[in-house]
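This report concerns only the one structure given below.
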Amino acid sequence: MMEDESVPLPQPDPPSIRGPGRACSECNRKKTKCDMTRPVCGLCSRTGRTCIVPARRRPPLRGRHDPSKVNKNAPNIELLNRLLDTPHATTPLHPEDTWGSSPSPSLSQQSKAGDQRSLYGLNMEAEDRTSSTRPTNTASDFSTSLPMNTSSKDTIHISSHSPGTIAKSPEGTKIDHPCDPSRYSYMFILRLVSIHFQRIQPWLPLLHKPKFMSRLAEKMQGQPDPLSCLDTDEALLLSSIFTLSCRFLSQGERGGHSTKVWIDVCAHYARQCYKDARNIENPTLAYLQGCILLAFHYYTSGLSSQGWILVGVCLRLTDELGLARIDSEVNAEAAHLEWAEQEERRRAWWLVWELDVFGSSVCQRSFSTEWRRASVKLPVRDDFWFACQETDSPRLPRRLGSIWLVLDSLSRKDGRTWFLLANLLHACAQEYLQQEDGVSIEDRTVLQNEINCLKLALPSFFDLTNQPMDTDELHHSNRNWVIGTHLLLSSSTYISRNLPIRDFDASIVGPGLFGGPSGLRDRIFELSRITSQWPADYTAAAHPFFSCMMLNVYVPNAEIPFQSDLVSSCDAVVRLLQARLGEYWQLGILALRISKLQNSPTPPASADMELIKRHAANTKADPAPESPGAQKSGARGIQIPPNSARVLKSLGVLPKIEAVSTVVESLETKRYSDGKVLASRPLGANAQKMFGANWMVIHREDYHSVLLEEALALGAELELGTQVDSIDSSGTQVTLADGTTREADVVVGADGLWSSTRETFLNKASPPSETGDLAYRATFSLEQLKSLNNPSVEALCAQKSVTLWMGPQKHCVFYPLRSGTEFNLVLLRPDNLPPNVRAAEGDISEMRAAFEGWDPILTLLISCISSVLKWKLLHHEELDSWTQGHAALLGDACHPTLPYQAQGAAMAVEDGGVLGSLLGMYNKSKLESIPKALPQNATVPAVLSLYEKLRKQRTTVNVQGAVRNRWFYHLPDGEEQRARDAEMANYDFVDGRSSYSWLDSKYNMNLLGFDALEDARKAYLTWLDELDSPLSPLLHDNSGRATVETPMLAQKAAAA
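1 is the number of the first residue of the sequence shown in full-length UniProt numbering; add one for each residue after it.
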């Protein structure tokens, strides 16, 4: 948007930061000079007294008035223009202020913030003094009085009585909160309006600035309650402006409240105004404009049914006002309007069209605006419009085919015009994509040609390679339209190359003309090129919809976006830009979540389903349901070895586990080719005697249910489907993807192989690495296997055993679930998936061929599988540390284990048991001094360091053991395999020693007979003694992390 060409007025001097000018009650009582620091003065801070500043003070003595210095009769419009041009209006919104609470500021920050709480008539002196603030320069001469609210929290209290008409009864929408718009002074309203024209109008060019400001001054100037002077439609328009603009207020102007609170309060007020405006019998343009701005608020906060319905209202209002025919030659009513008024109506139509196109495209729904029937000209540049310089513009074309030719010389210089045309082509591509029976080859060719023509016709300032970046903020808007146009053309190109052709015969046009790759690689290169020319500081004035334009469009049967360095780097840039937009608009945060879901091979969480439904254009919204019988959804069975069962017993949940699990009587190992038993390791009573607990197998759902029931009984609160965005450096605060925060004494990252917590610790991307193996997984019912009518299969099902077939480069595991009513089968083989593809639909014939020639009983089981997924087995290198401040990692997040030792879940159970035991003992020592009082250097980070020391070496040994078992299972036929088989025959599993860890009795005793909780208890007591010893400073550094081994740890290391 171009600025007004009026003569610039002198800018006001930056105001100085000063105190409120009065002492607190305590200093006044003691006759002590108060330093007036806010929120707590120096004296009250030292004495612990409550620092209260009196609401009233003695009026200051009037100084001698010099009429030559102040002109009381100066027109207020000069003050208005000065406000609109003040530099502080472009104060950026800081990332730490967005969508959630911030850490408490220092006293110096609070005192500076307190100096600005009376700015613009917002007296918030009694507001929450723990909110984060950052002083910024603001115009101090805009202050007027407003009622002071004494609420000390950010909670919004909405009045329960029915709202009345805004113009007549502003109390009807009054909110018990200092951010309530009904409390705003005239000058603060002007501040928000100025923000709108500097931050919102560049990408939402709806209002005629001179006309709007003149109307505002005429209605509200000098009024004690400005909003009560407005008509209902005007109140809706202004309140919608507040809702969009308030997020750009500086911290001092927000009076200590978070951006989210301001947005919520202003949005509630706007909704009440909208409710009142619905009673208007004859809709006005101001009513439509208010609805448009409110609809943009809804869409930029995340697609929702409220926004979808409100866009429908906008569409009906455009029909009612006849905006689609504003430039029709037979529209006599429009002919009587001034040119600037006609332009205002055109802009309203275009913005409603833009809302409809965005919502319908993203949600994959039918378009409501029929652009081919509209008679509307393209909008002109803002500078021509604001100056009322009548300028002609081309009319919207009625069909595809040389759309770019409609542009005249003036229109070619406006970035928004090209953006609208690119958006038009993108809408056509999306419309074609929604046609289930495909499109004709002629339609697709015309669309592709039209996209190419528009690319070729772009003026020189659209060149991303040679065009220098303009650092003038006034031109950020035009540059953003350049970026947006390229994003739309890139997406349109990708869609057009993947449109299904109706009744297509390749022989007609020759081979390869419309075949070949889908263009994903070209799309990635194009996206990288575009984003590289988009400076991060330009995002502050960018269209929020750009965050969704950077997402990949889901096209059925198109090329799968495999993970590679190219894809990952492009994704990283896109996500950072989406996060930047998310600092201002919630839509950016949601687009970032969709971007992560696009690259996740695992099924989405239930909490993400609504988001996926709203973004059907970017995700596969209807995942195929699982078929009965053999199921495709990953591992169903989990083994619970004795070391894990001991932890569950100590936690008191073992009886419930035993009720839904199966006790394993033996581990049967068989030769792959003929099913010959190589060894049978007795368990059952032997496991109880040797290891102190049974070996069990359980269905994953049953395992989760028992643990969940116990956790809820102990008072745990669960928030399922919650995505963590970041963890602060101290490890006590977690920021979620929706911007909200959670605080805790300890944060535990148990988020698995693809842990985002781990990446936070490492401060870099930390994906797992490939192992060279993959797994097929399936579950059968007993009835399904009995239908085979095979005695050998029925005998296998009758055993309470874990059966292992070992062969060259492959092995298979089979065991019962749910008391033998279901059975779990896992087939492991060399990985043949493309690099970085985690999972894919398995080919049944390929799977059966991979195990052709194996034990006939096994191949008979495999024949029952009707569909299957291939899961790549992944690993991660050993981490240097598992803890950071008050945060720690657990399970696969820090030591992912290959499934060759049945210890992956068991190690996670041990981790959780040890961590909970240590923290429980620490808490008891702290509160009850049992077994002894805590030394001063016994901190939570030190306890977490002890947890890491106890667990790190044991889990490393386990990970290495699983790797050795992989080699043990997969020996090729030959001399070494025959020696292994001979050693396994009649092996003594009680006292036998072997170079194979799977056989070695000592290794298995250390692995399966280990009591993790008893080890933690002894280590904790030793740790307390060491902290009390004179050597304690040598044992721990300043962070509390142990720097030398404790005796218990040294003993464990020697034993290992």
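Each residue gets a CB set at the ideal place from its N, CA and C atoms; glycine is no exception.
A quick note: this is a predicted structure, and the numbers were derived from the prediction, not measured.
In this structure, DSSP gives VAL747 an extended state, which the three-state scheme calls strand.
For TYR299, there is no enclosing beta strand (DSSP E); the residue is found in the alpha helix (DSSP H) stretching over 285 to 300. Contact annotation, LEU310 with LEU294: C-beta distance approximately 6 Å; criterion of less than 8 Å satisfied. By a beta-carbon distance limit of 8 Å, ILE857 does not contact MET847. Their separation comes to about 17 Å. By the beta-carbon neighbour count (other beta carbons within 10 angstroms, threshold 16), ASN643 is buried. Contact holds between the segment 663 to 681 and the segment 803 to 812, because three or more Cβ pairs, one in each stretch, are under 8 Å apart. By the Cβ-count criterion, SER595 is buried, with 16 or more other Cβ atoms from all chains shown falling within 10 Å of its own Cβ. CA-CA distance, SER781 to SER730, rounds to 49 Å. Sequence-distant Cβ neighbours of GLY438 in its own chain, meaning closer than 6 Å and more than five residues away, are PRO500, ILE501 and ARG502.
For SER673, the closest C-alpha among the options GLU852, GLU975 and ALA387 is that of GLU852. Boundaries of the alpha helix (DSSP H) harbouring GLY961: 940 to 969, taken from the DSSP string. By the beta-carbon neighbour count (other beta carbons within 10 angstroms, threshold 16), ALA541 is buried.
Scanning the segment 681 to 740 from its first residue to its last, the whole beta strand (DSSP E) runs of 3-plus residues come out as 696 to 699, 724 to 727 and 733 to 736.
Following the DSSP letters along the chain, one finds CYS548 inside the alpha helix (DSSP H) bounded by residues 546 to 549. The Cβ atoms of ALA1016 and LEU950 sit closer than 8 Å to each other. Where ILE640 is concerned, there is no enclosing alpha helix (DSSP H), although the beta strand (DSSP E) around it starts and stops at 637 to 640.
Non-local beta-carbon contacts of SER650 in its own chain, meaning distances under 6 Å to residues more than five positions away in sequence, involve LEU1013 in chain order. Annotation: TYR184 is outside any beta strand (DSSP E) and is labelled neither H nor E by DSSP. Put simply, the backbone Cα of GLY820 is about 10 Å away from that of ILE698. Contact annotation, VAL261 with CYS388: C-beta distance approximately 40 Å; criterion of less than 8 Å not satisfied. Exclusion of the five residues before and after GLU948 leaves SER881, TRP882, THR883 and ALA888 as the residues of its chain whose Cβ lies within less than 8 Å of its Cβ. Sequence-distant Cβ neighbours of GLY912 in its own chain, meaning closer than 7 Å and more than five residues away, are LEU890.
VAL380 is positioned such that its CB atom lies no closer than 8 Å to that of ILE326.
According to the DSSP assignment, ARG829 belongs to the beta strand (DSSP E) that extends over 822 to 830.
Between ARG700 and LEU774, the gap from beta carbon to beta carbon reaches 8 Å or more. Under the three-state reduction of DSSP, SER929 is assigned to coil, being neither helix nor strand.
Of all alpha-carbon atoms in ILE483, ARG365, PRO459 and GLU390, the one lying nearest the alpha-carbon of GLN435 is that of ARG365. The C-beta of ILE530 has 16 or more other C-beta atoms within 10 Å across all chains shown, which makes the residue buried. Within the segment 185 to 246, the runs of alpha helix (DSSP H) that reach at least 4 residues and sit entirely inside it are, in chain order, 186 to 195, 209 to 220 and 232 to 245.
When DSSP states are grouped into helix, strand and coil, TYR922 belongs to the helix group. Under the three-state reduction of DSSP output, ASP773 falls in the strand class.
LEU396 is bridged by DSSP to nothing; it lacks a bridge partner. By the Cβ rule, the segment 417 to 431 counts as touching the segment 350 to 361, because three or more pairs are nearer than 8 Å.
Distance from the CA of MET984 to the CA of LEU577, rounded to the nearest whole angstrom, comes to 59 Å. Per DSSP, LYS670 is one residue of the beta strand (DSSP E) stretching across 666 to 671. Apart from sequence neighbours up to five positions away, the residues of its chain that approach VAL573 with a beta-carbon distance below 6 Å are THR531, ordered along the chain.
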